[in-house]
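Heads up: the sequence lines are chains G and D, in that order.
Residues 5 to 404 (our numbering) make up the first sequence, in order.
Residues 1040 to 1148 (our numbering) make up the second sequence, in order.
One structure below.
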Amino acid sequence: MSVAAGAVAGAGAEAYPRIVAALIRITGDWTLAEDCAQEALASALERWPRDGVPGNPGGWLMTAARNRALDTLRRATVERRKLRDLALLTDPEPAPPEGDVVDDRLRLIFTCCHPALALPDRVALTLRTIAGVPTADIARAFLVSESAMTRRLTRAKTRIATAGVPYRVPAGPALVERLPGVLAVLYLLFTRGYDADGEPAFADEAIRLARLLHQLMPDQPEAAGLLALFLLHHSRRAARRDPAGNLLTLDEQDRSRWDRVQIADGVALLARAGDGPYALQARIAACHATAPTAADTDWPAIAGWYDRLVGLHPTPVVRLNRAVAHGYAHGPAAGLTLLAEARSGGALDGHPPALAAEAELTARHGDLDRAAALFRAAAEAVGSEPERRALMRRAAALAG
Amino acid sequence: MKYMMLVCTDTEPDKDPSAAPDIEKWVAERDANGQRVTGSRFAPPSAATTVRVRDGELLLSDGPFAETKEVIVGFDLLECADLDEAVEVARAHPMAHAGRIELRPLMDD
């Protein structure tokens, strides 16, 4: 990639959601906003290699997209609505300070996460419009074709306009009602960035937005809980892989490479985080983050938090993690018993983390051959290459 | 925006009907603040007449055109800034508890 193309990619990732959010605010037209933002990126790819990278790449892209929107709206002056938009655009406000720009994205998030939209549409729209995830990638995650996802996104945007879904951050009781849906979408965004093959920028973006949410809503315990959870997970980013890129488990990681500032921030937030589902997950992450060594981990405390979490969210995955925690706190037999409960009724069949957890507990229970076979089965089932390698290493270590 | 608020019965009403707000109060408040343009209860479905013209011929039939267990029992025409405001108006209506309410934006405003 040339220097100019790299600059377009870098500035584009940063500027895209800001441009889309600002153009939607001014024009109210989602499709126009996305088209103009994409055309600005295409124009940069053509011109920056020839003319050089501008001093303020994000500002250049914003101006290019705004001019493109202005041209389009000028050609469509027959429509009353677009005339009004044009009037707004011919007198653009001075470049807003950074704080307002971020607020634009927050407004976009609350609109994308509006409960009048079906839940899958909320997630898809947020991934596409705010995170800029290609439609094809979202389609894969939803197990539908790209054309079906394109239609779904178009329907959702049309619905926002025709049903009268407002473009704003709600206030008062409406904010309390709407917040969990927004937190859930941010959580998905973070996970997408934090997964082994994920896009690291999404995790940073999710943290930025979670921090802003917490600033706007300091009295919302789950907003604090979500931010704490993100920071405590993200603090391990630099230690999660060995030099060859293999994923390392918590007990293999070099804890001196954990980000102490993020851990301290995360732990401090727990004082205001309450005991909602995100706060409980953050408390579990804090138990790991504050243990000087893996052997010092307070597993009985973690098992206790999982007991409470399973009361709020009795999902197979929470039950699985609870089984693992009890396995460390109260012995592998206790863990295997809870794992069998978590898998009852076929839940977690072929789920790689469940296979890996069973392998780990079985190894500690003393049946090394069976444990090695389970690690190999987990490696075959897992989708990501770094995770596959990590599991194969575990199998080989047991066999050796 | 104008929203047509269709008030319908539902086969699964709220388990606690005592929580439902008072309809007289609802109407008086929305009339006073301008959110309710007009509205009325409907006579029962047995009073409905369905009109069709096919090949130039007038066809009348008795009863509503949609044969469902749920019945539209009234309407209110709302004037609201956006969907959030219309939802707040609808959730305060007793039939949001005892039935269901459909909000349909008007296209010509």
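Ideal placement from N, C-alpha and C gives every residue a C-beta, glycine not left out.
Query: For a minimum of 4 consecutive residues, which ranges assigned as the alpha helix (DSSP H) are wholly contained in the region 26 to 89 of chain G?; Result: 34 to 55, 61 to 79
Query: Determine which residues share a DSSP beta bridge with C1047/D and list them.; Result: I1111/D, R1139/D
Query: Looking at V169/G and H238/G, is the spacing between their C-beta atoms short of 7 Å?; Result: no
Query: Any beta carbon from chain G within less than 7 Å of M1040/D's own beta carbon?; Result: yes
Query: Return the chain-ordered list of same chain residues with a C-beta closer than 8 Å to the C-beta of N250/G, the five sequence neighbours on each side being excluded.; Result: P390, R393, A394, R397
Query: DSSP three-state label for V1076/D, please.; Result: strand
Query: Short check: CB of D269/G to CB of L235/G, under 7 Å?; Result: yes
Query: In angstroms with no decimal places, state the Cα-to-Cα distance between E1127/D and S1079/D.; Result: 19 Å
Query: Suppose you measure from the CA of P1160/D to the CA of A1067/D; what does that come to, to the nearest Å?; Result: Past the boundaries of the shown model lies residue 1160/D; chain D is included only from 1040 to 1148, so the question cannot be answered.
Query: So, does the CB of F1122/D fall closer than 7 Å to a CB anywhere in chain G?; Result: Reading the sequence as shown, one finds Leu at residue 1122/D and not Phe. Yes, L1122/D counts as interfacial toward chain G.
Query: Taking only the alpha-carbon atoms, compute the straight-line gap between A1120/D and R1139/D and give it to the nearest angstrom.; Result: 22 Å
Query: Taking C-beta to C-beta, are A327/G and P356/G nearer than 7 Å?; Result: no
Query: Could you tell me which chain D residues have their CB closer than 7 Å to the CB of A178/G, listed as they occur along the chain?; Result: D1123
Query: Can you tell me where the alpha helix (DSSP H) with T154/G in it begins and where it stops?; Result: 150 to 167
Query: Would a check of beta-carbon distances place A167/G closer than 7 Å to chain D?; Result: yes
Query: Cutting at 6 Å between CB atoms, please list the residues of its own chain near G16/G, excluding the five before and the five after it.; Result: L45
Query: Comparing C-alpha positions only, which one of L273/G, T301/G, A160/G, P124/G sits nearest to L230/G?; Result: L273/G
Query: If we cut at 7 Å on Cβ distances, does P184/G have a partner in chain D?; Result: no
Query: Contact criterion: CB-CB distance below 7 Å. Does P1144/D meet it with respect to chain G?; Result: yes
Query: Would a check of beta-carbon distances place A122/G closer than 7 Å to chain D?; Result: no
Query: Using 8 Å as the threshold, is the region 344 to 358 of chain G in touch with the region 301 to 311 of chain G, meaning 3 or more CB pairs across them?; Result: no
Query: Which residues in the same chain as V106/G place their Cβ atom closer than 6 Å to its Cβ, once the five residues preceding and following it in sequence are excluded?; Result: A caution first: V106/G carries a pLDDT of 44, below 50, which makes its placement in the model unreliable, though a value can still be read off. Closer than 6 Å at Cβ, skipping near neighbours: L216.
Query: Run down chain D in chain order and give the residues with a C-beta less than 8 Å from the C-beta of P174/G.; Result: D1123
Query: Hey, could you find the ends of the alpha helix (DSSP H) E181/G is sitting in?; Result: 177 to 198
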